[in-house]
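Only one structure is covered here, and it is reproduced in the block below.
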Amino acid sequence: MTMSGGVAPPTFEEVQGGGLTGSDRPRRVGSGWGRRLLTVVAVCIYIYLFLPLLNIIVYTFNDPKGRYNLSWDGFTLANWADPFKDAELTSAFLRSLQVAGIAVLVALVMGSMVAIALSRYRFTGNKVTEVFLVLPLTTPEIVLGASLYQLFLGRNVVLGFSTVTIAHIMFLVSFVALTVKARVRGFDWTVEDAAMDLGASPTRTFWKITFPLILPGILAAALLSFALSMDDYIITDFTKGEFSTFPIQVNNQFRVSFPPQVNVLATIVLIVSVLLLVLTSVRGDRSSVTTR
Amino acid sequence: MSGPVTRRQFMTRAGLAAGGLVVAPSVLAACGGSDSKSSGSGSSEGKGDAQVWFDNWTLYIDKPDDELYGKGGTLDEFQKATGLKIKYTEGINDNGELFAKIQPLLSKGQPIGPNIIAPTFWMAGRLITLGWVEKLPLDKVPNAKNLITSLQKPPSDPTGEYSLPWQAGIAGIAYNQEITGRELRTVQDLWDPAFKGKIGMLTEMRDTIGLIAMSEGIDLDKPTFDKFQPAFDKLDKEVKNGQIRQFTGNDYVDDLEQGNYAACIGWSGDVVQLSKSNPNIKFVVPESGGTLWFDTMVIPNEASNVDDVAKWMDFVYDPVNAARITASVQYISPVQGVQDELRKMGGDAAELADSQLLFPDASTLANLQSWGNLDKEQEQLFDEEFAKISGT
Amino acid sequence: MARRATADDRGLRKSKWAPYGFLSPGIIWLVLFFLVPVGILLKASLSTKPSRFEEPVFDWNFSNFSTAFGDYGTEFVRSFVFAGIATLLAILIGYPLAYWIATRGGRWKNFLIGLVVVPFFTSYLIRTIAWTSILQDDGPVVALYRLLPWVGADGRILATPMAVIGGLTYNFMSFMILPIYVSLEKIDFRLTEAAADLGSTPWGAFRKVVFPLSLPGVFAGSLLVFIPAAGDYLNNRYLGSPQTSMIGTVVQNKFLVQFDYPQAAALSIVLMVIITAMVLVYSRFLGTEGLAV
Numbered sequence: 040m041t042m043s044g045g046v047a048p049p050t051f052e053e054v055q056g057g058g059l060t061g062s063d064r065p066r067r068v069g070s071g072w073g074r075r076l077l078t079v080v081a082v083c084i085y086i087y088l089f090l091p092l093l094n095i096i097v098y099t100f101n102d103p104k105g106r107y108n109l110s111w112d113g114f115t116l117a118n119w120a121d122p123f124k125d126a127e128l129t130s131a132f133l134r135s136l137q138v139a140g141i142a143v144l145v146a147l148v149m150g151s152m153v154a155i156a157l158s159r160y161r162f163t164g165n166k167v168t169e170v171f172l173v174l175p176l177t178t179p180e181i182v183l184g185a186s187l188y189q190l191f192l193g194r195n196v197v198l199g200f201s202t203v204t205i206a207h208i209m210f211l212v213s214f215v216a217l218t219v220k221a222r223v224r225g226f227d228w229t230v231e232d233a234a235m236d237l238g239a240s241p242t243r244t245f246w247k248i249t250f251p252l253i254l255p256g257i258l259a260a261a262l263l264s265f266a267l268s269m270d271d272y273i274i275t276d277f278t279k280g281e282f283s284t285f286p287i288q289v290n291n292q293f294r295v296s297f298p299p300q301v302n303v304l305a306t307i308v309l310i311v312s313v314l315l316l317v318l319t320s321v322r323g324d325r326s327s328v329t330t331r
Numbered sequence: 004m005s006g007p008v009t010r011r012q013f014m015t016r017a018g019l020a021a022g023g024l025v026v027a028p029s030v031l032a033a034c035g036g037s038d039s040k041s042s043g044s045g046s047s048e049g050k051g052d053a054q055v056w057f058d059n060w061t062l063y064i065d066k067p068d069d070e071l072y073g074k075g076g077t078l079d080e081f082q083k084a085t086g087l088k089i090k091y092t093e094g095i096n097d098n099g100e101l102f103a104k105i106q107p108l109l110s111k112g113q114p115i116g117p118n119i120i121a122p123t124f125w126m127a128g129r130l131i132t133l134g135w136v137e138k139l140p141l142d143k144v145p146n147a148k149n150l151i152t153s154l155q156k157p158p159s160d161p162t163g164e165y166s167l168p169w170q171a172g173i174a175g176i177a178y179n180q181e182i183t184g185r186e187l188r189t190v191q192d193l194w195d196p197a198f199k200g201k202i203g204m205l206t207e208m209r210d211t212i213g214l215i216a217m218s219e220g221i222d223l224d225k226p227t228f229d230k231f232q233p234a235f236d237k238l239d240k241e242v243k244n245g246q247i248r249q250f251t252g253n254d255y256v257d258d259l260e261q262g263n264y265a266a267c268i269g270w271s272g273d274v275v276q277l278s279k280s281n282p283n284i285k286f287v288v289p290e291s292g293g294t295l296w297f298d299t300m301v302i303p304n305e306a307s308n309v310d311d312v313a314k315w316m317d318f319v320y321d322p323v324n325a326a327r328i329t330a331s332v333q334y335i336s337p338v339q340g341v342q343d344e345l346r347k348m349g350g351d352a353a354e355l356a357d358s359q360l361l362f363p364d365a366s367t368l369a370n371l372q373s374w375g376n377l378d379k380e381q382e383q384l385f386d387e388e389f390a391k392i393s394g395t
Numbered sequence: 003m004a005r006r007a008t009a010d011d012r013g014l015r016k017s018k019w020a021p022y023g024f025l026s027p028g029i030i031w032l033v034l035f036f037l038v039p040v041g042i043l044l045k046a047s048l049s050t051k052p053s054r055f056e057e058p059v060f061d062w063n064f065s066n067f068s069t070a071f072g073d074y075g076t077e078f079v080r081s082f083v084f085a086g087i088a089t090l091l092a093i094l095i096g097y098p099l100a101y102w103i104a105t106r107g108g109r110w111k112n113f114l115i116g117l118v119v120v121p122f123f124t125s126y127l128i129r130t131i132a133w134t135s136i137l138q139d140d141g142p143v144v145a146l147y148r149l150l151p152w153v154g155a156d157g158r159i160l161a162t163p164m165a166v167i168g169g170l171t172y173n174f175m176s177f178m179i180l181p182i183y184v185s186l187e188k189i190d191f192r193l194t195e196a197a198a199d200l201g202s203t204p205w206g207a208f209r210k211v212v213f214p215l216s217l218p219g220v221f222a223g224s225l226l227v228f229i230p231a232a233g234d235y236l237n238n239r240y241l242g243s244p245q246t247s248m249i250g251t252v253v254q255n256k257f258l259v260q261f262d263y264p265q266a267a268a269l270s271i272v273l274m275v276i277i278t279a280m281v282l283v284y285s286r287f288l289g290t291e292g293l294a295v
C-alpha cells in the first residue's frame with residue numbers, strides 16, 4: 040500500500056462503508072503482554088458500552104413499587120407477560136418502527152442513486168455534490184431540527200408523522216449515499232460492459248451484475264440507517280408536533296412515570312438487532328468474498 | 004447490440020425516470036402534511052366512534068382493574084349510564100408541551116383531536132385569553148352547582164364560563180426524613196447547607212417561584228415581574244451556589260425515593276401516594292404558605308359533540324362519581340359532597356376523608372395562595388427568567 | 003489496495019444527463035429539507051416578534067446576535083468545553099477497542115464491530131435514563147466512587163459536569179469507534195512487522211507507522227462525536243443540573259417552550275457557524291483539504 044492511500048482524505052464516507060466488510064486472520068502485533076493487556080482493555084470497553092443495555096435488560100424483570108422503574112424492588116416476570124400493557128407506549132413504539140421503515144426505504148433508494156451517480160460517472164458538479172452531501176452530517180442535529188421546524192411552521196404545514204419522516208429521510212440520505220459510495224469506490228465498471236458485450240440487456244446487467252455488487256453496501260447502510268432513525272431524538276423533537284415516536288413518548292411520560300414496559304420494548308429491539316447482526320455478519324463474510 | 008450507447012441511453016432514462024418517481028410522492032407527502040390535521044394527541048389514531056375524547060394527565064382517573072381504558076371504574080360507569088362512548092388518553096405530561104402541541108392547530112382555527120383537554124388553570128387562562136377554547140354548555144351541566152366555592156370564578160377564568168376544575172392540589176415541601184434527619188417546616192429549611200446539592204425544584208414555574216415568593220413575603224394575587232424579582236434572585240442564588248440540584252416534573256418522586264433528593268418542592272397527591280409505601284417521605288405546607296393549583300376541563304375550539312362533553316362533565320361532578328376518582332388519585336376534589344361520599348365508601352377511602360391534604364380546613368386554606376393572572380408580557384418575562392435560571 | 007484505478011480503466015461513464023437523473027431525487031430532497039430550511043432559519047434570526055404569540059417579522063434585526071453572545075456566552079463555552087472533553091475521552095476509549103477489533107478480531111471482526119452499533123437500536127434517551135439508574139446516589143457505583151480519597155461521603159456523580167460529559171462520551175462513542183476501525187482496517191500490518199524487523203519497538207512501530215495512518219479515522223470520529231455533543235440537550239436534561247446547561251438546552255427551550263423563534267434561530271446560526279469554522283480549522287490543522295474526497 041502506498042502512503043497516499045493512507046493520507047487520502049478523511050474517511051467520512053467510509054465510516055460505515057468498510058465497517059461490515061472484510062475478514063482477516065488475527066494479526067500478530069505487539070508483544071504477548073501488550074496483546075493480552077489490549078484484550079483485557081477491549082473487554083472492559085465492551086462492558087462499558089453494554090452496561091446501560093444490561094441495566095435496561097435486568098430492569099425488565101423488576102417489580103417497581105412506584106411509578107419509576109429505576110431502582111430494584113423485586114423480581115417478576117409480569118412485565119414480559121404483558122409487554123404491550125402501556126397503550127401510549129406501544130403505539131409510539133409502532134410509530135417509531137413505521138417512521139424508520141419508510142424513511143430507511145426512501146433514503147436507501149435516493150441515497151444509493153446518488154452513490155451510483157458519484158461513483159459511476161464523471162460530471163460537472165461532482166465535487167460540489169460531495170461537499171454538499173457531507174454538510175448535513177457536520178451540522179448539529181439541533182440546527183437541522185430547528186430549521187425544519189421554521190420551514191414547516193412558515194408554510195403552515197402541520198407537524199406530525201409526515202414531517203418526522205421527511206426529516207429522518209433528510210438526515211439518512213447523506214448517510215446512505217456516503218456509505219454506499221464508499222462501498223462502490225474503486226469498483227470496476229467495465230464488468231458491466233463485459234456483461235453487455237456478452238449479450239445481456241441493460242436491465243439484466245443492472246440486476247445481475249451491478250445490484251449484487253452494491254447490495255452488501257446497501258444492506259450495511261440499511262441496518263445502520265434503521266438504527267439511526269430509531270435512535271434519533273433531537274430532530275424528531277422539533278418536527279413532531281403532537282406526534283410521538285418511542286423515545287419522544289418515553290421522555291414525555293418520564294415526567295410522570297417510567298414503566299418497565301419501556302425496558303421490555305427496548306430489549307425486544309435489542310434482541311432483534313443482535314440477531315440481524317449475526318445474520319448479516321455471516322452474509323457479509325460471504326459477499327465480501329464475491330466482491331473481491 | 005453496441006453496448007455503451009444503448010446502455011448510456013438506458014441509464015439516462017432510468018435515472019431520470021427513477022428521479023421522477025422518487026421525488027413525486029415525496030413532494031406529495033410534504034404537501035400532504037397539512038392535511039393530516041385530525042391526527043390525535045399522543046396517539047395518531049382519531050376519535051373513532053367515541054363521542055367524547057378526554058385527553059388527560061397520566062394516572063389521573065380511577066382504573067380499578069388496570070385494564071385498557073374504558074373498562075371498569077368511572078369511564079365504564081359513564082358509558083353504562085349514558086350509552087356514550089368515551090375515549091380516554093393520557094397524552095398530557097406538561098403544560099408547555101401541551102401548548103406547543105395544540106398551538107399550531109388552534110391558532111389556525113383547526114380542530115385538535117380530543118374534545119376535552121386538561122390544562123392547568125394558568126394554561127387554561129392563556130387559552131381563554133387567546134380565544135382558543137369554547138364556552139362550556141353549562142346549562143347542560145346541572146351538577147356544576149357542586150363546584151366548591153373556593154374554585155368558583157378563579158382569576159384564570161373570571162366569568163367561570165370556560166373551564167371547570169378537574170382536580171386541585173397543593174404545592175408544598177416534600178422531603179425524605181431518612182436523609183434530612185429532621186422535620187422541615189419552612190422554605191428556609193431547604194437552604195440548609197447540610198442539604199447542599201440535594202434539593203429539587205419543579206419545572207412548573209408557578210409552584211417553584213410561588214413558594215419562594217411567599218417565603219420572601221410576596222403575595223401571589225397580583226403578580227408582576229418587578230414585584231417578584233427578589234424571588235428570582237433568591238432562586239438564582241441557590242442554583243449558583245449548588246444548593247439546588249435539578250428542576251424536574253413528577254420524576255422528583257423517584258429522586259426522593261432514591262435518596263438523590265433530601266427535599267424538594269412537590270405536589271400533595273403524589274406524596275400522599277408515595278408515603279404509603281415509604282413512610283419516611285413527608286409532605287408539609289411551609290409556614291409561609293403553599294400554592295393552591297388546579298387542572299381544568301376545557302373544550303378546544305372546533306370540538307365536536309359538545310353536548311356529549313357536557314354529559315361527561317355533569318357525570319364527574321356528581322359527588323358519587325367524583326368520590327370514586329378522588330379515592331384513586333388522592334388530590335383535592337373540586338366537587339362538594341365528596342367527603343361524605345368517601346366516608347360512605349368506608350375503608351381506605353374513608354381515611355382520606357379526614358386528610359388535611361385532600362380536605363384542607365379553614366386554617367390550612369388560609370395558608371394557601373392561588374396565582375393571579377399574568378398578562379402575556381408579564382408571563383413572558385417570568386417564563387424567560389425562570390428558564391434562564393433553571394437551565395431547562 | 004495496491005494502486006488506485008484511474009477513471010478510465012474503471013469504466014467510468016461520461017454521460018451528460020444520466021448522473022443528474024440519479025442525483026436529482028436525493029439532492030432535491032436535501033435542497034428542500036436542508037438547504038432551504040437553513041436559509042429560512044437565517045432569515046428568522048434577523049426577525050423580530052411583535053409579541054409572544056404573533057408571527058415574527060423580518061426586519062434585519064441584528065440584536066438577536068448580540069444577545070446570543072451577550073447572554074448565552076457561558077452556555078456556548080460550556081458546550082464546546084464539554085464536547086471537547088467528551089471527544090478526547092472518546093478517542094482514548096474508542097481507539098483501543100477499534101485497534102483490538104482490527105488487529106485481533108479475526109473472523110469475528112464483522113460481528114465485533116457490529117456490536118458497537120447495537121446500542122443505537124435502543125434510543126440514546128433510554129440509555130441515558132439507564133445511566134441515571136446506574137449512577138443514583140444510593141447505588142453501588144456511587145458507593146465505590148465515594149471510597150476515592152478526594153471524594154468524601156456525600157459525593158455524587160449525577161447532576162455534575164462529570165455525569166454530563168460522561169453521558170456525551172458514552173452516547174456518541176460508536177461514532178468514534180467506527181471510523182477509526184475503518185481506517186485501521188485498511189492498514190497493512192505487515193508494515194509493523196517490517197518495522198519490528200528493522201529494530202523498532204512495538205510501541206515505536208505503532209507511534210510512527212500505525213497511528214499516523216489511522217489519523218483520518220480519528221479526524222472523522224472526532225467530528226462525528228464533537229458536533230452532536232456540542233448541540234445536545236438530553237444528556238444535560240437527565241444527567242446534569244442547572245449549572246451544566248448547554249446551548250442546546252437554551253435553543254430547545256427558546257424554540258419549543260418560549261416560542262422566541264428569532265432569538266433561538268440566532269443561537270442556532272451562531273452554533274452552526276462556530277462549528278463549521280472549527281471543522282475548517284481542524285481539517286487545515288490536520289493537513290487535509292476538506293471533508294469530501
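Chains as they are written, first to last, in the numbering used here: chain C, 40 to 331; chain U, 4 to 395; chain E, 3 to 295.
Built from N, CA and C at the ideal position, the CB exists for glycine as well.
All of these numbers come straight from a predicted model, not from anything done at the bench.
Nearest chain U C-beta to residue i closer than 8 Å, yes or no?
| i | result |
| --- | --- |
| E:Val283 | no |
| C:Asn195 | yes |
| C:Phe293 | yes |
Could you tell me the boundaries of the alpha helix (DSSP H) in which residue i lies?
| i | result |
| --- | --- |
| U:Gly175 | U:Gly175 -> not in any alpha helix (DSSP H); beta strand (DSSP E) instead, spanning Leu167 to Asn179. |
| U:Val332 | Pro322 to Val332 |
| E:Ala161 | Counting along the chain, E:Ala161 falls outside any alpha helix (DSSP H), and DSSP gives it neither H nor E. |
State the start and end residues of the unbroken beta strand (DSSP E) segment that holds residue i.
| i | result |
| --- | --- |
| U:Val287 | Ile284 to Val287 |
| U:Tyr91 | Ile89 to Ile95 |
| U:Leu295 | Gly293 to Met300 |
| U:Ala197 | Where U:Ala197 is concerned, there is no enclosing beta strand (DSSP E), given that its DSSP letter is neither H nor E. |
| U:Ile268 | Ala266 to Trp270 |
| U:Asn59 | Val55 to Trp60 |
DSSP has residue i in a bridge; who is on the other side?
| i | result |
| --- | --- |
| U:Ile247 | U:Ile202 |
| U:Leu150 | U:Val338 |
| U:Glu137 | U:Ile302 |
| E:Ser49 | E:Phe60 |
Answer with yes or no whether the minimum CB distance from residue i to chain C is below 8 Å.
| i | result |
| --- | --- |
| U:Val55 | no |
| U:Thr299 | no |
| E:Trp152 | no |
| U:Thr411 | Within the shown structure, residues of chain U are numbered from 4 to 395, placing residue 411 of chain U beyond reach of any answer. |
Is residue i near residue j, with beta carbons less than 8 Å apart?
| i | j | result |
| --- | --- | --- |
| E:Arg48 | E:Tyr101 | Residue 48 of chain E is actually Leu in this sequence, not Arg. In this structure, E:Tyr101 does not lie closer than 8 Å to E:Leu48 by Cβ. |
| U:Asp357 | U:Lys143 | no |
| E:Phe82 | E:Ala232 | yes |
| E:Asn255 | E:Thr246 | no |
Check whether chain E comes within 8 Å of residue i, counting only Cβ atoms and requiring the distance to be less than that.
| i | result |
| --- | --- |
| C:Met152 | yes |
| U:Ala84 | no |
| C:Pro33 | The structure shown does not extend to residue 33 of chain C, since chain C spans only 40 to 331, so no value can be given for it. |
* the region 274-289 of chain C: positions lying closer than 9 Å to chain E by Cβ -> Per Cβ criterion, the list reads Asp276, Phe277, Thr284, Phe285, Pro286, Ile287 and Val289.
* Mind checking the region 114-137 of chain E against chain C and listing, in chain order, the residues whose C-beta falls within less than 9 Å of any C-beta there? => Listed by position, the residues of the region 114-137 of chain E near chain C (Cβ gap below 9 Å) are Leu114, Ile115, Gly116, Leu117, Val118, Val119, Val120, Pro121, Phe122, Phe123, Thr124, Ser125, Tyr126, Leu127, Ile128, Arg129, Thr130, Ile131, Ala132, Trp133, Thr134, Ser135 and Ile136.
* If contact means a Cβ-Cβ distance below 8 Å, which residues of the region 261-291 of chain U contact chain E? -> Those residues of the region 261-291 of chain U that come within reach of chain E (Cβ to Cβ, closer than 8 Å) are Gln261, Gly262 and Asn263.
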